[in-house]
Amino acid sequence: MADDPRAQAHNALKQAERAAKRGALAEAERWSKTAERCAAAVVKLATTPPDYDMDAEVENEDRLREEIMGRIRRLADAQRQHQEWEATCADYTRAVAEAVRTGGPMPPPAPPSPFGGETELATLERIAGGD
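The sequence shown begins at -12 in the numbering used here and counts up one residue at a time.
This is the structure:
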């Protein structure tokens, strides 16, 4: 009986009525909100198709959660790679300026972008989109 949302809603409503009769308005409001939540669960259960596969839904949620976490990891990795590349480019720019100023040898060229010329924002949007 404790798992039946209809019975829970009925019991919560009775508790709310008792609390209201005692003048415990805050308690009555809490019980009435509990009754509303239970009634909403009854409606949801009533509108759920009988062939609804809860296990498949849980598996789908787990799959989506894994996919989203994978995207977040790839986003963080891409941002880290881009920041490292920008730092390398800044070091290269300083080394070129120093070579020009002192007349010393030019540094080796800076490495190409790890994203093939794509901007950081475009890369992050592409990864967030699932690519």
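Virtual Cβ for every residue (Gly too), placed ideally from N, Cα, C.
### Nearest-angstrom Cα separation, counted from residue 68 out to residue 98
12 angstroms
### Message
Counting C-beta neighbours from all protein chains within 10 Å, is the total for residue 89 16 or more, i.e. buried, or is it exposed?
### Response
exposed
#### Entry: Contact check, residue 63 vs residue 114, beta carbons under 7 angstroms
no
### Message
According to DSSP, simplified to helix, strand and coil, what is residue 35?
### Response
coil
### Task
Keeping to the same chain, check which residues put their C-beta closer than 8 angstroms to that of residue 19; ignore five residues upstream and five downstream.
-1, 0, 3
### Delimiting residues of the alpha helix (DSSP H) encompassing residue 75
41 to 89
### Task
Grab me the residues of residue 22's own chain with a C-beta within less than 7 angstroms of its C-beta, minus the 5 sequence neighbours each way, in chain order.
-4, -1, 0, 3
### Buried or exposed (CB count within 10 angstroms, at least 16 for buried), residue 25
buried
### Query
Taking DSSP as the reference, what is the three-state secondary structure of residue 19?
helix
### Query
Apart from the five residues just before and just after residue 57, which ones in its own chain have a Cβ nearer than 8 angstroms to its Cβ?
none
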